[in-house]
Every structure is written in C-alpha cells, then in structure tokens.
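What follows is one structure encoded as structure tokens, with my remarks underneath.
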Amino acid sequence: MKTPIYVTQPVLPELDEFIPYLKEIWDNKILTNCGPLHQRLEQALCEYLGVPYISLFNNGTIALVTALQALGLEQGEVITTPYTFVATAHSIVWNKLTPVFVDIDPNTSNIDPEAVEAAITDKTVAILPVHCYGIPCAVDALQTIADQYQLKLIYDAAHAFGIKHQGRSILDYGDLSVISFHATKVFNTFEGGAIVSHGADMKQRIDQLRNFGIVNEATINDISLNGKLSEVHAALGLLQLKTIEDTLQSRQNIDQIYRAALENIDGIDCVSRPVLDKDNYSYFPIVITENYPLSRDELFEKLKAKNIFARKYFFPLMTELSIYQDFYTETPKAKKLSEQVLCLPMYPTLSIDECKYISNIIKDI
Ligand code: T4K
Numbered sequence: 002m003k004t005p006i007y008v009t010q011p012v013l014p015e016l017d018e019f020i021p022y023l024k025e026i027w028d029n030k031i032l033t034n035c036g037p038l039h040q041r042l043e044q045a046l047c048e049y050l051g052v053p054y055i056s057l058f059n060n061g062t063i064a065l066v067t068a069l070q071a072l073g074l075e076q077g078e079v080i081t082t083p084y085t086f087v088a089t090a091h092s093i094v095w096n097k098l099t100p101v102f103v104d105i106d107p108n109t110s111n112i113d114p115e116a117v118e119a120a121i122t123d124k125t126v127a128i129l130p131v132h133c134y135g136i137p138c139a140v141d142a143l144q145t146i147a148d149q150y151q152l153k154l155i156y157d158a159a160h161a162f163g164i165k166h167q168g169r170s171i172l173d174y175g176d177l178s179v180i181s182f183h184a185t186k187v188f189n190t191f192e193g194g195a196i197v198s199h200g201a202d203m204k205q206r207i208d209q210l211r212n213f214g215i216v217n218e219a220t221i222n223d224i225s226l227n228g229k230l231s232e233v234h235a236a237l238g239l240l241q242l243k244t245i246e247d248t249l250q251s252r253q254n255i256d257q258i259y260r261a262a263l264e265n266i267d268g269i270d271c272v273s274r275p276v277l278d279k280d281n282y283s284y285f286p287i288v289i290t291e292n293y294p295l296s297r298d299e300l301f302e303k304l305k306a307k308n309i310f311a312r313k314y315f316f317p318l319m320t321e322l323s324i325y326q327d328f329y330t331e332t333p334k335a336k337k338l339s340e341q342v343l344c345l346p347m348y349p350t351l352s353i354d355e356c357k358y359i360s361n362i363i364k365d366i
C-alpha cells in the first residue's frame, strides 16, 4: 500500500455543509457555554439514541470523571476491567477512588459478573464496566449485583454509540453511561463526549459539575472541571447525525467482508458480535492464537511493513502499567486476550479492495 491505512479514519461531512453552521456561530457570537447548537445537539441525540437526558462534554474522559463525581462517590473501591483504554481507570483515580481490576469473560471482552461479585468488599461503592468494542456487557447480571449490594453502576460506553440491546438503547442501562465522540469513534465531534442520565435532577447536577460547579453568579457548590463542548463541535455533531445510518451500514459491510475473508484461517478468530437490535461495528478485533504461524506482535509488524497500522486495543492491561502497580491483580483471561488481540482497520471509507488486501496478507502467511 502506497498510502498508509490506519486503524481508523474519521468520518467527516463535506466542508461546504459545515460553512452555514460556522456562519450561524459567527453571526450570533455564542461560541460556547451551552449555546443554541449545543442545545440542538443534546435534543437531537436524545431523539436519535432514544434516551431521556444527555449532557454533552468536551471529551469522554472528563465525562467519566464527572459521572463518578455526580454520583457522590468520594471514597471507596470501584470495580472495573483492566482490558480498556486508560481513561476508564484514570477517571477512578482522579476522583481519589481505588480501582479494583477484575477479570473478563474472553467471549465478550467485558467484565465477568462473577468476578465482580467475588471482588466486592465493604469498601466497594461502584462498578465501572466497559462495553468493549461496543459489545454489550452482561447488563442484567451486573444490575442484579449492583442492586443486591447497593452499588452505583456506571457504564463506560465510549465504544457503544447507537447500540440497541434487548429493545433499549445500551446507554439506558445502569445509573449513568458515558460516550465518547472522539475523532476515532463511530460518531465524532472532533473531540467530545456525553453522559446519559435518567432524571431531570441528575442532568441538572451533571450540567452544573460540567461548568465548574457554578449554580449561579454568586454560588459555586462544587470543585469540578470545565467539561463544556463548544458550538463548533456541536455543529459538527448535528451534521454527523444526518449521515449516521450510512456510516453504520458501511461499517456493517466491512465487518461482513472481513468475516468472510478471514474464516477458516487456522489460528485466527474474529471476535464474534452478538445479534443486537442495532449494532455499530465500532472495531474489528481478531485474536491470533497458538495455531497461527506468527505471534500477534509478529503479525502486527508484518502488516506495518506493508503500511497497514493495526492496533493492539487493549494492550497493555491497566494492571501491567507501572502507574497502576499499586492496584495490581491477577486477571489471566484479560492478560491472554491482550497479548493475542489485534484491531484491524475499520472505518466507513475503507474500500472492499483494501479490506481484501489486508485479509489476504493475514491469510497468505
Ligand atoms: N473509555 C474508553 C473505553 C475509550 O476507548 C476511550 C477512548 C475513552 C474512555 C476516553 O474517551 P475520549 O476522552 O478520548 O473521548 C484512541 C483515542 O484517542 C481514544 O479516544 C480511544 N478511546 C482509544 C481507544 O483510541 P490512540 O492513542 O490509539 O489514538 P491515535 O491518535 O493513535 O489514533 C488512532 C489512529 O486513528 C491513528 O493512527 C490515525 C487515526 N486518526 C486519529 C485521529 C486522532 C485519524 O485519522 N484522525 C485523527 O484525528 O487513542
């Protein structure tokens, strides 16, 4: 490949379509602090996703930090997965809470409810699972555990935009769900994110925390961050929503092409996706097992030499990072998966030929 193929490439609208939105911003001179485009995007997302309340954020990480704060979690342990992007664990530590990493179910890449229950102590205050690759967690089992032990349940749904499961938006489960609208995500606003909540009071609380804790000009009730999304970002979100169905359809097509091209290769397993009411095909992870002639790292290098930049999402595990050594736990299933997984390029403009070219390299080893 002459041009590099990266693990993802952002979806962007035609530049011409963006100009009228910029003109609107230039005309009304409201650039941020929950302006008209921001309000329109919150409403449009509630309708599209089928959720009652959304608070937009400048990124998913600040949204995660704020979600934990909004639930009043000031001390204690939060049970989470080590098989994730660092933002999940960082959000716990930023809140001065203690992350407790437990193992995953390798079939879903998600936290194992039995491991969650086994890790509960009298210090546990919350569970923070991740819908990894947009594959839903065992939401019913996790809710049962949360109810039984009176724990808060916050989903890191950074990968789960648009997913519907058991007749509902996946974002509707738990106490709060956090999405990311980063450039690399299914739906992007350059940078961005959101918290989905279930009541007007909670949304108001989150919105205040998002804005330094300001209640009114003379009253500031919390020490919180600036998590606001600008009008330019909101404008992009409104435009992206117009083409989201095409985006999802293209992703589904690529998922199908890869699966067909990679089936029956000894030592290559495509991570299976459950049948959902609506899927988003946000990543295409494959697992390179002992039967394949190359290790995961060797295949990664082989692809790289051909200008194809797959990614090891998620390696290393949080528990393998020196910054998290104080929170080390044994999670053998997560460790094995993190050493064998490779996410192949997956984005709507990846062509069928490119997809087949990548698959053929893997097949012809
Ligand atoms: N929770 C979970 C489970 C997450 O996965 C994430 C983010 C978060 C929370 C936090 O949400 P945010 O605060 O980010 O909203 C990327 C993303 O930066 C990160 O958002 C994402 N997860 C993570 C899984 O992947 P990197 O370090 O791999 O990104 P980078 O810059 O290497 O990008 C990957 C490839 O994408 C590049 O090789 C080229 C392409 N790319 C990237 C960007 C930024 C583009 O073509 N254009 C671009 O603008 O982390």
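Under my numbering, read the sequence shown as residues 2 to 366, first letter to last. All C-beta atoms, glycine included, are put in the ideal place defined by N, C-alpha and C. If you're wondering where the values come from, they're calculated on a predicted model, not measured in any experiment.
For Asp113 and Gly268, what's the separation of their Cα atoms in angstroms? For the purposes of this step, residue 113 is identified with residue 112 of the sequence shown, where counting begins at 1. For the purposes of this step, residue 268 is identified with residue 267 of the sequence shown, where counting begins at 1. The alpha-carbon atoms of Asp113 and Gly268 are separated by roughly 25 Å.
N- and C-terminal bounds of the beta strand (DSSP E) containing Cys344: For the purposes of this step, residue 344 is taken as the residue at position 343 of the sequence shown. Looking at the DSSP string, the run of the beta strand (DSSP E) that includes Cys344 is Val342 to Leu345.
Selected residue, minimal CA-CA separation from Met319, among Ser231, Phe102 and Val272: By one-based count along the sequence shown, residue 319 stands at place 318. The shortest C-alpha separation from Met319 is found at Phe102.
Can you give me the start and stop residues for the alpha helix (DSSP H) that Gly238 sits inside? For the purposes of this step, residue 238 is taken as the residue at position 237 of the sequence shown. In the DSSP assignment, Gly238 falls within the unbroken alpha helix (DSSP H) covering Glu232 to Lys243.
The beta strand (DSSP E) with Asp157 in it runs from where to where? Reading the sequence shown from its first residue, position 156 is the one you call residue 157. Note, Asp157: beta strand (DSSP E), Lys153 to Asp157.
Would you tell me roughly how many angstroms separate the C-alpha atoms of Lys229 and Asn59, rounded to the nearest one? Indexing the sequence shown from 1 puts residue 229 at position 228. Indexing the sequence shown from 1 puts residue 59 at position 58. In a straight line, the C-alpha of Lys229 is about 5 Å away from that of Asn59.
First through last residue of the beta strand (DSSP E) which encompasses Pro100: Start at 1 with the first residue of the sequence shown, and residue 100 comes out as number 99. It spans Thr99 to Phe102 - the beta strand (DSSP E) in which Pro100 sits, taken as one unbroken run.
DSSP beta-bridge partners for Asp50? Taking the sequence shown and counting its residues from 1, the one referred to as residue 50 is at position 49. Residue 50 is actually Leu in this sequence, not Asp. Beta-bridge pairing links Leu50 to no other residue.
Taking 7 Å as the cut-off, is the CB of Ser181 close to at least one heavy atom of the ligand T4K? Taking the sequence shown and counting its residues from 1, one reaches residue 181 at position 180. For the ligand T4K, at least one heavy atom lies less than 7 Å from the Cβ of Ser181.
Check whether the Cβ atoms of Phe162 and Asn29 lie closer than 8 Å to each other. The residue labelled residue 162 in the question sits at position 161 within the sequence shown. The residue labelled residue 29 in the question sits at position 28 within the sequence shown. Against a cut-off of 8 Å, the Cβ pair of Asn29 and Phe162 comes out as no contact.
Tell me the residue span of the alpha helix (DSSP H) that contains Pro286. As a working mapping, residue 286 is identified with position 285 in the sequence shown. Taken as a continuous stretch (DSSP letters only), Pro286 belongs to no alpha helix (DSSP H), being part of the beta strand (DSSP E) at Phe285 to Ile289.
Reference Lys24; option with closest CA among Tyr314, Ala311 and Glu232: Against the sequence shown, residue 24 aligns to sequence position 23. Considering only alpha carbons, the answer is Glu232.
Distance between Asn111 and Ile105 (C-alpha atoms, nearest Å): For the purposes of this step, residue 105 is identified with residue 104 of the sequence shown, where counting begins at 1. For the purposes of this step, residue 111 is identified with residue 110 of the sequence shown, where counting begins at 1. Cα-Cα distance, rounded: 5 Å.
Would you kindly report the start and end of the unbroken alpha helix (DSSP H) that includes Gly36? Here the question's residue 36 lines up with position 35 in the sequence shown. First-last for Gly36: undefined, no H or E at that position.
Where does Thr370 fall in DSSP's three states? Given that the chain is displayed from residue 2 to residue 366, the structure contains no residue 370 and the question cannot be resolved.
From the beta carbon of Ile245, is the nearest beta carbon of chain C less than 8 Å away? Included in the structure is just one protein chain, with no chain C present.
Completely contained beta strand (DSSP E) runs for the segment 297-360, where each covers 3 or more residues: Listed in chain order, they are 342-345.
Rounded C-alpha distance that separates Thr9 from Tyr348: Here the question's residue 9 lines up with position 8 in the sequence shown. Here the question's residue 348 lines up with position 347 in the sequence shown. In a straight line, the C-alpha of Thr9 is about 5 Å away from that of Tyr348.
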